[in-house]
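According to full-length UniProt numbering, the stretch in the sequence shown is residues 1 to 247, in order. Glycine included, C-beta positions come from ideal geometry on N, C-alpha and C. In this text the structure is predicted, and so the values were computed from the model without any measurement.
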Amino acid sequence: MKLISKTFNLIKPILPKFHGNRSYSSIAAEALDPFQEEELKKKLIVVNENDEMIRTDTKYNCHRVVNGKIPLHRAFSVFIFNSKNEILLQQRASCKVTFPDHVTNACCSHPLYNTYVYRDNLQAMGACVSRRLWFELGIPRDEFSTGNLKFITKIHYFSKGDGKWGEHEIDYLFVLHKDLTVMPNEMEVKRVWSVPRDEFDSFIKKCEYPLTPWFAEIKKEWLFKMWDNLNNLDSIRDNKIHKYITQ
Numbered sequence: 001m002k003l004i005s006k007t008f009n010l011i012k013p014i015l016p017k018f019h020g021n022r023s024y025s026s027i028a029a030e031a032l033d034p035f036q037e038e039e040l041k042k043k044l045i046v047v048n049e050n051d052e053m054i055r056t057d058t059k060y061n062c063h064r065v066v067n068g069k070i071p072l073h074r075a076f077s078v079f080i081f082n083s084k085n086e087i088l089l090q091q092r093a094s095c096k097v098t099f100p101d102h103v104t105n106a107c108c109s110h111p112l113y114n115t116y117v118y119r120d121n122l123q124a125m126g127a128c129v130s131r132r133l134w135f136e137l138g139i140p141r142d143e144f145s146t147g148n149l150k151f152i153t154k155i156h157y158f159s160k161g162d163g164k165w166g167e168h169e170i171d172y173l174f175v176l177h178k179d180l181t182v183m184p185n186e187m188e189v190k191r192v193w194s195v196p197r198d199e200f201d202s203f204i205k206k207c208e209y210p211l212t213p214w215f216a217e218i219k220k221e222w223l224f225k226m227w228d229n230l231n232n233l234d235s236i237r238d239n240k241i242h243k244y245i246t247q
């Protein structure tokens with residue numbers, strides 16, 4: 001367990017701890033990793049373009065490209081900045097079904113249907129974010145509260161990915177501005193970096209791996225708005241759904 005404000009740096013990324021004998025090379029050789037296959041059974045929330053729930057469906061069906069289409073579903077993306085205002089980035093694990101090995105923001109996932117019963121969207125999202133930050137990055141739940149999460153906006157984007165697996169989401173953007181303990185889950189995250197603002201462009205330019213489509217779109221319009229307003233995030237918040245399409 002390490003505090004990102006003290007130990008993260010651009011040159012030496014933190015790598016996840018491994019449990020067992022499985023390697024990324026052996027995982028990548030499999031048609032579908034058993035861990036990820038189990039994840040694909042979970043129920044997501046299918047919505048219309050106004051972010052109104054239509055039905056539920058499995059994560060598998062919500063990410064499979066069929067005749068060039070993918071069901072529109074609800075998601076969230078978390079942007080974590082430490083007290084030095086460095087951004088936490090991750091490289092997705094090689095065994096991920098969608099966008100393996102891609103570089104992206106701290107955490108990207110989906111609210112599960114069972115967390116939404118009798119709860120409003122943002123309240124439910126807060127619970128889902130807390131669960132996912134623990135599951136994916138090993139961030140202890142007692143290190144932050146849902147009150148620390150700042151909702152910014154929603155984006156609607158589409159990407160066919162590799163043509164078999166892709167994304168079509170209404171994505172809620174959140175900022176978490178706090179020093180946190182991080183110990184990545186090897187089945188979700190390959191490595192993490194903490195990047196200062198003045199080194200971000202160089203980091204992206206030199207990066208050997210592609211960016212996830214949602215991070216690439218958010219980077220164009222929203223990332224620096226968030227970064228430059230960490231002490232006044234309410235000033236950039238809105239309730240619109242901003243539409244971006246990535247083929």
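* To do: Just confirm the distance between the C-beta atoms of PRO184 and LEU137, as a whole number of angstroms; I'd bet it's less than 8 angstroms.
  => In the sequence shown, the residue the question calls residue 184 occupies position 184. In the sequence shown, the residue the question calls residue 137 occupies position 137. Rounded, the Cβ-Cβ distance is 6 angstroms, consistent with contact.
* Asked: Cα separation between GLU38 and SER145?
  -> Position 38 of the sequence shown holds residue 38. Position 145 of the sequence shown holds residue 145. Rounded to whole angstroms, GLU38 to SER145 spans 28 angstroms at the Cα level.
* Assess, as a yes-or-no matter, whether the stretch 230-244 is touched by the stretch 144-160 under the definition of 3 or more beta carbon pairs within less than 8 angstroms. => yes
* From LEU72, THR56, LYS220 and LEU180, pick the residue whose C-alpha is nearest to that of ALA106; which is it? -> As a position in the sequence shown, residue 106 is number 106, starting the count at 1. Nearest of LEU72, THR56, LYS220 and LEU180 to ALA106, Cα basis: LEU180.
* **Segment limits, beta strand (DSSP E) that includes ALA75** => Indexing the sequence shown from 1 puts residue 75 at position 75. Where ALA75 is concerned, the enclosing beta strand (DSSP E) stretches over 73-81.
* Same chain only: Cβ atoms within 6 angstroms of PRO210, ignoring 5 sequence neighbours per side -> The sequence position of residue 210 within the sequence shown is 210, counting from 1. HIS102.
* Asked: Between the C-alpha atoms of ASN239 and PHE203, what's the straight-line distance to the nearest angstrom?
  -> Numbered from its first residue, the sequence shown carries residue 239 at position 239. Numbered from its first residue, the sequence shown carries residue 203 at position 203. Distance between the alpha carbons of ASN239 and PHE203 is about 31 angstroms.
* Asked: Quick one: what's ILE155 bridged to in DSSP?
  -> As a first step, residue 155 is located in the sequence shown; it is residue number 155 there, counting from the start. Paired residues: ASP171 and HIS242.
* Spatially closest choice to GLU186 from MET125, ILE241, CYS95 and GLU143, by CA coordinates -> Your numbering for residue 186 matches position 186 in the sequence shown. Among MET125, ILE241, CYS95 and GLU143, the Cα nearest to that of GLU186 belongs to CYS95.
* To do: Tell me ARG57's beta-bridge partners as DSSP assigns them.
  => As a first step, residue 57 must be located in the sequence shown, where it is residue number 57. Before going on, a small fix: residue 57 reads as Asp here, not Arg. Per DSSP, LEU44.
* Asked: With 16 other CB atoms within 10 Å as the buried threshold, where does ASN82 fall?
  -> Taking the sequence shown and counting its residues from 1, the one referred to as residue 82 is at position 82. Under this definition ASN82 is a buried residue.
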